[in-house]
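A.B. asks: Please read through the structure below; I'll follow up with questions.
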Amino acid sequence: MDSTRHSDRSRRSFVATGIAAGSAALAGCISESGDDSENETDSYTVSMAPMGEVEFDGVPETAFVAFPQYADMAVALGHGDAVNTLFAPDMSGTTMNAFYERLEGVSFEWEGLQNPLTDGLSEEQLYALESDVHFLDPSYVVKTDDDWTASDVDEITETIGPWFGNFHSGVHSDPAPAYADSYEYYTLWELFEKVAAVFRERERYEALAALYEETRSHIESNLPPESERPTVARVTLGDGVFYAYHLNTPGFWQAETRPLGAHDALADVEWSGDWGEVDYETMLEADPDIILHLWGITPRYAVENVRERLENDAAGSELTAVRNDRVLASGMRYQGPIMNLFQLEMTAKQLYPEQFGEWPDYSSGDPYPEIPADEQLFDRQRVADIVTGQ
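Counting from 1072, one number per residue, gives the positions in the sequence shown under the numbering used here.
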């Protein structure tokens, strides 16, 4: 990349310092300057690895988003209109609205958003958008795209607006070498707290976090004994292979399965990347009671078709989960706080129907199933009121 092409541009009011600062610079989430009012114009800082201390002169009005957890966070904080890009918008946006359908007054306008990763992230695209903040991890950018360097990242910060993202907390994977010394890992709700600080929406964050803690605590306190919990494989069916993910390992990609403490049928299978590839033989050896098909609630994978493919495969048809009709549509690993609440409820019902009520199943293309009020694990109206500011 040519790091001098845009050197004559004026620096925007959103600035960041210490892009590769050490972890000592990461104390605190938001400085004491200013309050949470989105109309406040005093500067404030928010810290997150690997960026360090990021300074803002006002609440971002436009937000570059790649992965949908940040779009879901923006919606949850009342700033969904700020989002100007989205990874696989027809899948991500549709899936988000499948959940929001059950929240009065909450929706996300995704149509018309471009996917910033279709042909690789380009510097030209970022300059065309002129976003106030880029919710994408600079380590992810440098690690996955040979056209980008840490210097290119710095240029975007100086001439357009800061980066604010943490990708490798998904499964605690290794960051790019340029950011290794400043990297830290966060839970989903810790990341959400930091994004809330960017938008100066502390009150909304605290209200949703309290609801989440109540929901998680209720579920964990009502789990059956470990000896009565099922074995579960969390996979996506490919062409003759399963793309596999663990259930209980650290990282926000497991935010809806880890609290449920089921037995990971693939716990002893190791892989070096963000996910593994498992063949039919390995799946037959593990032979899980339940298969959670990741992405199954998205329009990209119809769970009905997945079941049919497995039933028509000589090896797949021998799997206990297939024979017992326990191949279930699971959610997205790129989940924000609202998605996490629904996916936590969904998975609790799928794994432990006696404790939390039967999962009503899911048909591809439909909204999240309508569950009777007395069987819901969290209050939809309470969430809607927080998000809409009621």
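Just so you know, even glycine gets a beta-carbon here, dropped at the ideal spot from N, CA and C.
Computed from a prediction, not measured in an experiment: that's the story for all the values here.
(1) I need the DSSP call for THR1328, collapsed to helix, strand or coil.
(2) Let me confirm a value: PRO1295 is counted as buried when at least 16 other C-beta atoms fall within 10 Å, else exposed. Which label applies?
(3) If you draw a straight line from the C-alpha of GLU1272 to the C-alpha of PRO1330, how long is it?
(4) Over what stretch of residues does the alpha helix (DSSP H) that includes ILE1442 continue unbroken?
(5) Rounding to the nearest angstrom, what Cα-Cα distance links ALA1326 and ARG1404 in this structure?
(6) Note the first and the last residue of the continuous alpha helix (DSSP H) segment covering ARG1305.
(7) Assuming VAL1269 contacts PRO1408 (C-beta within less than 8 Å), just tell me the rounded distance between them.
(8) Looking at LEU1399 and SER1388, is the spacing between their C-beta atoms short of 8 Å?
(9) How far does the alpha helix (DSSP H) with SER1222 in it reach, from first residue to last?
(10) For the beta strand (DSSP E) containing LEU1363, name the first residue and the last one.
(11) Could you work out which residue in ALA1333, ILE1362 and TYR1316 is closest to VAL1340 when comparing CA atoms only?
(12) Run the CB neighbour count on THR1459, radius 10 Å, all protein chains shown included, and call it buried at 16 or more, exposed below.
(13) Would you identify the three-state DSSP class for HIS1243, choosing helix, strand or coil?
(14) Please name the residue, chosen from ALA1199, THR1228, TRP1324 and ILE1290, that lies closest to LEU1259 on a Cα-to-Cα basis.
(15) Just how far apart, CA to CA, sit GLN1196 and SER1163?
(16) How many angstroms separate the CA atom of GLN1426 from the CA atom of ASP1216?
(17) Classify LEU1399 as helix, strand or coil using the three-state DSSP reduction.
(18) Kindly list the residues whose CB is nearer than 7 Å to the CB of ALA1153, restricted to its own chain and excluding five residues on each side of it in sequence; keep chain order.
(19) Just reading off the beta strand (DSSP E) that HIS1205 is part of, what are its end residues?
(20) When you compare only the Cα positions, how much space is there between TRP1430 and GLN1447?
(21) Starting from PHE1313, trace the beta strand (DSSP E) both ways and give me its first and last residue.
C.D. replies: Reading it off the structure:
(1) Residue mapping note: residue 1328 aligns to position 257 of the sequence shown, counting from 1. In this structure, THR1328 counts as coil in the three-state DSSP scheme.
(2) Here residue 1295 is taken as the residue at index 224 of the sequence shown, counted from 1. Classification for PRO1295: exposed.
(3) The residue labelled residue 1272 in the question sits at position 201 within the sequence shown. The residue labelled residue 1330 in the question sits at position 259 within the sequence shown. Near 26 Å, if we compare the C-alpha coordinates of PRO1330 and GLU1272.
(4) If you number the sequence shown from 1, residue 1442 lands on position 371. First-last for ILE1442: undefined, no H or E at that position.
(5) In the sequence shown, the residue the question calls residue 1326 occupies position 255. In the sequence shown, the residue the question calls residue 1404 occupies position 333. The alpha-carbon atoms of ALA1326 and ARG1404 are separated by roughly 8 Å.
(6) Taking the first residue of the sequence shown as position 1, residue 1305 is located at position 234. Note, ARG1305: premise wrong, no alpha helix (DSSP H); beta strand (DSSP E) at 1302-1308.
(7) Counting from one through the sequence shown, the residue named residue 1269 turns up at place 198. Counting from one through the sequence shown, the residue named residue 1408 turns up at place 337. Not confirmed; about 14 Å, so no contact.
(8) For this step, residue 1388 is matched to residue 317 along the sequence shown. For this step, residue 1399 is matched to residue 328 along the sequence shown. Cβ atoms of SER1388 and LEU1399: not closer than 8 Å.
(9) Within the sequence shown, numbered from 1, the residue matching residue 1222 stands at position 151. Where SER1222 is concerned, the enclosing alpha helix (DSSP H) stretches over 1221-1230.
(10) For the purposes of this step, residue 1363 is taken as residue 292 along the sequence shown, with counting starting at 1. Counting along the chain, the beta strand (DSSP E) containing LEU1363 begins and ends at 1361-1364.
(11) Position 269 of the sequence shown, counted from the start, is the residue given in the question as residue 1340. Answer by Cα proximity: TYR1316.
(12) As a working note, residue 1459 is residue 388 in the sequence shown. Classification of THR1459: exposed, given that the 10 Å Cβ count is below 16.
(13) Looking up residue 1243 in the sequence shown gives position 172. HIS1243 carries a coil assignment under DSSP once its states are collapsed to helix, strand and coil.
(14) Along the sequence shown, read from residue 1 onward, the residue named residue 1259 stands at position 188. Closest by alpha carbon: TRP1324.
(15) Within the sequence shown, numbered from 1, the residue matching residue 1196 stands at position 125. Within the sequence shown, numbered from 1, the residue matching residue 1163 stands at position 92. Taking the straight line from one Cα to the other gives about 20 Å.
(16) Here the question's residue 1426 lines up with position 355 in the sequence shown. Here the question's residue 1216 lines up with position 145 in the sequence shown. Using only the alpha carbons, I get a separation of about 46 Å.
(17) For the purposes of this step, residue 1399 is taken as the residue at position 328 of the sequence shown. Note: LEU1399 maps to strand in three-state DSSP.
(18) Counting from one through the sequence shown, the residue named residue 1153 turns up at place 82. Only PRO1131, GLU1132, THR1133, ALA1134 and ALA1145 meet the Cβ criterion.
(19) Locating residue 1205 in the sequence shown gives position 134, counting from the first residue. Unbroken beta strand (DSSP E) run through HIS1205: 1204-1206.
(20) The residue you call residue 1430 lines up with position 359 of the sequence shown. The residue you call residue 1447 lines up with position 376 of the sequence shown. Taking the straight line from one Cα to the other gives about 11 Å.
(21) The sequence position of residue 1313 within the sequence shown is 242, counting from 1. Per DSSP, PHE1313 belongs to the beta strand (DSSP E) from 1313-1316.
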